[in-house]
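Colleague: Position in the sequence shown counted from 1, then plus 141, gives you this note's numbering. Quick reminder that beta carbons are idealized off the backbone N, C-alpha and C, glycines included.
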Amino acid sequence: MTRSVLLLPGDGIGPEIVSEAEKVLHRVNELFNLGLVFDTALVGGAAIDATGEPLPAITLDKARKADAILLGAVGGPKWDALEMARRPEKGLLGLRSNLELFANLRPAILYPQLASASSLKPEVVSGLDILIVRELTGGIYFGQPRGVRTLENGERQGYNTYVYSESEIRRIGRVAFEAAQARNGKLCSVDKANVLEVTVLWREIMEELAKDYPDVELSHMYVDNAAMQLVRAPKQFDVIVTGNMFGDILSDEAAMLTGSIGMLPSASLNAQKLGMYEPCHGSAPDIAGQGIANPLATILSAAMMLRYSLAEEAAAQAIEQAVSKVLDQGLRTADIMSEGAERVNTRDMGEAVVAALQA
Ligand code: IPM
Ligand code: MG
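1. Just to confirm before moving on: does the CB-CB distance between Pro420 and Leu405 stay below 8 Å?
2. Just to confirm, are Gly280 and Gly232 a CB contact at a threshold of 8 Å?
3. Tell me the DSSP bridge mates of Pro406?
4. Can you list, in chain order, the stretches of the alpha helix (DSSP H) that have 4 or more residues and sit fully within the region 325-358?
5. Which residues does DSSP list as the beta-bridge partners of Ile250?
6. In the region 148-225, which residue ranges form an unbroken beta strand (DSSP E) of at least 3 residues, counting only runs that do not cross its ends?
7. Check whether the Cβ atoms of Leu441 and Tyr252 sit closer than 8 Å, and answer yes or no.
8. Distance check for Glu349 and Ser308, CA to CA, integer angstroms please.
9. Using the Cα positions of Val146 and Gly430, report the straight-line distance between them to the nearest angstrom.
10. Between Val485 and Ser257, what straight-line distance do the alpha-carbon atoms span, to the nearest angstrom?
11. Less than 7 Å between the CB of Gln389 and some heavy atom of ligand 2, yes or no?
12. Under three-state DSSP, which class holds Asn245?
13. Can you look up Thr474 in the DSSP assignment and give me helix, strand or coil?
14. Can you determine whether any heavy atom of ligand 1 sits closer than 7 Å to the C-beta of Glu276, and answer yes or no?
15. Quick one: Cα of Met142 to Cα of Ile154, how far?
16. Considering only the alpha carbon of each residue, which of Arg473, Leu337, Gly481, Glu480 lies closest to Thr487?
17. Please list, in chain order, all residues of the same chain as Gln322 whose beta carbon is under 8 Å from its beta carbon, the five residues on each side excluded.
18. Less than 7 Å separating the Cβ of Asp476 from some heavy atom of ligand 2?
19. Sorted by chain position, which residues of the same chain lie with C-beta nearer than 7 Å to Glu454's C-beta, five sequence neighbours on each side aside?
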């Protein structure tokens with residue numbers, strides 16, 4: 142049996158980090174006899190340059206047919222002046238919405254080797270292991286109407302719409318409750334129910350769902366407080382469930398708890414468990430082309446892909462153990478560098494992970 146993996150390197154550091162993850166995948170493919178076959182397609186700015194579209198039809202078609210997708214990053218200053226509908230980000234958002242990848246899992250785990258790379262005190266973050274479940278195809282990111290209009294007085298006004306329907310809340314809620322069940326049974330739903338009606342409904346549905354999961358302890362927190370609690374005492378959290386925009390913001394914050402956003406993988410799943418896997422970080426145009434980006438978030442995303450979409454748990458663990466091993470060896474890219482460690486570039490890091498892989 143062969144399974145197809147679609148690689149979407151994208152822009153900025155995307156091609157550099159995806160190429161390291163690709164080497165890792167090729168190696169586990171041999172070691173574990175996975176039968177993976179690989180294809181590549183254009184998305185984001187790279188696709189705009191080649192075809193004029195951030196999400197060409199052929200890319201979407203390949204994505205629909207693939208068993209799993211690994212994406213690098215999209216966007217960069219070169220395309221910033223384009224109108225919203227033609228920007229590189231639309232390629233990513235278009236993949237998410239067309240494939241209905243509504244469930245975004247963003248684990249923030251602190252590798253003990255990196256405790257000193259966090260800007261927080263080691264005792265605040267040591268042992269940190271939280272999972273952010275972010276709704277990914279709804280909320281203010283996709284709500285209609287949206288745009289910039291001119292008022293009668295001639296002034297322009299920008300507007301977006303924050304909407305969630307019950308079914309959208311319920312399906313992401315179920316993913317989060319199930320994730321909490323498989324972990325420590327604690328779920329915190331983050332909203333702004335003191336101000337926004339849409340999140341009053343969000344809270345109501347979460348309460349309703351809680352009845353189906355008596356073994357999960359559900360709590361609620363306003364997003365401003367959650368942002369504070371994440372840096373004050375992050376270990377109080379196990380699973381966090383929240384909407385698209387709050388999840389975008391809180392997951393960057395959670396990433397920094399772990400030392401570097403260069404370490405954080407993510408999975409975006411639909412109801413059939415087709416998944417797109419990507420690092421939580423962006424295309425980092427400031428360091429693109431220099432070969433110094435940290436490929437570990439992408440490599441760890443490949444591990445999540447093996448776990449969730451390809452049901453290859455042993456291979457997933459092998460990658461995670463190899464990453465831990467290279468950190469034990471003291472290898473560090475610039476973003477996680479600390480005194481006494483050995484600074485390496487993107488390719489060295491990828492190749493060290495390949496060398497550390499064991500069946
Ligand atoms: C992320 C990114 C994207 C988002 C951007 C690139 C559109 O920040 O995956 O978190 O806002 O979702
Ligand atoms: Mg983000």
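Modeller: Per the coordinate set shown:
1. On the sequence shown, residue 420 is found 279 positions in, with the first residue counted as 1. On the sequence shown, residue 405 is found 264 positions in, with the first residue counted as 1. Between Pro420 and Leu405, the CB-CB gap stays under 8 Å.
2. Counting from one through the sequence shown, the residue named residue 280 turns up at place 139. Counting from one through the sequence shown, the residue named residue 232 turns up at place 91. In this structure, Gly232 does not lie closer than 8 Å to Gly280 by Cβ.
3. Start at 1 with the first residue of the sequence shown, and residue 406 comes out as number 265. For Pro406, which the question treats as bridged, DSSP gives the partners Pro420.
4. For the region 325-358, the full-length alpha helix (DSSP H) segments reaching 4 residues or more read 338-351 along the chain.
5. Stepping through the sequence shown from its first residue, residue 250 is reached at position 109. Residue pairing by DSSP puts Ile250 in a beta bridge opposite Asp270.
6. The region 148-225 contains these whole beta strand (DSSP E) runs: 177-181, 209-214.
7. Here the question's residue 441 lines up with position 300 in the sequence shown. Here the question's residue 252 lines up with position 111 in the sequence shown. At the C-beta level, Leu441 and Tyr252 stay beyond 8 Å of one another.
8. As a first step, residue 308 must be located in the sequence shown, where it is residue number 167. As a first step, residue 349 must be located in the sequence shown, where it is residue number 208. Each residue's Cα considered, the two are about 12 Å apart.
9. On the sequence shown, residue 146 is found 5 positions in, with the first residue counted as 1. On the sequence shown, residue 430 is found 289 positions in, with the first residue counted as 1. Rounded to the nearest angstrom, the gap between the Cα atoms of Val146 and Gly430 is 25 Å.
10. The count along the sequence shown starts at 1 and reaches residue 485 at position 344. The count along the sequence shown starts at 1 and reaches residue 257 at position 116. Rounded to whole angstroms, Val485 to Ser257 spans 18 Å at the Cα level.
11. Residue 389 sits at position 248 when you count from the first residue of the sequence shown. Residue identity differs from the one stated: residue 389 is Asp in this sequence, not Gln. Proximity of the beta carbon of Asp389 to ligand 2 is indicated: a heavy atom of the ligand is located closer than 7 Å.
12. As a first step, residue 245 must be located in the sequence shown, where it is residue number 104. Looking at Asn245 - three-state DSSP - the assignment turns out to be strand.
13. Your numbering for residue 474 matches position 333 in the sequence shown. Three-state DSSP puts Thr474 in coil, outside helix and strand.
14. Here the question's residue 276 lines up with position 135 in the sequence shown. Using a cutoff of 7 Å, the CB of Glu276 does not count as near ligand 1, since none of the ligand's heavy atoms is closer than that.
15. The count along the sequence shown starts at 1 and reaches residue 142 at position 1. The count along the sequence shown starts at 1 and reaches residue 154 at position 13. Roughly 33 Å between the two C-alpha positions.
16. Taking the sequence shown and counting its residues from 1, the one referred to as residue 487 is at position 346. By alpha-carbon distance to Thr487, the top candidate from Arg473, Leu337, Gly481, Glu480 is Arg473.
17. Numbered from its first residue, the sequence shown carries residue 322 at position 181. Cβ neighbours of Gln322 beyond the five flanking positions: Tyr354, Asp356, Val357.
18. Position 335 of the sequence shown, counted from the start, is the residue given in the question as residue 476. Not so, every heavy atom of ligand 2 lies at least 7 Å from the Cβ.
19. If you number the sequence shown from 1, residue 454 lands on position 313. The residues Arg448, in chain order, have a CB closer than 7 Å to that of Glu454 in the same chain once the five nearest residues on each side in sequence are set aside.
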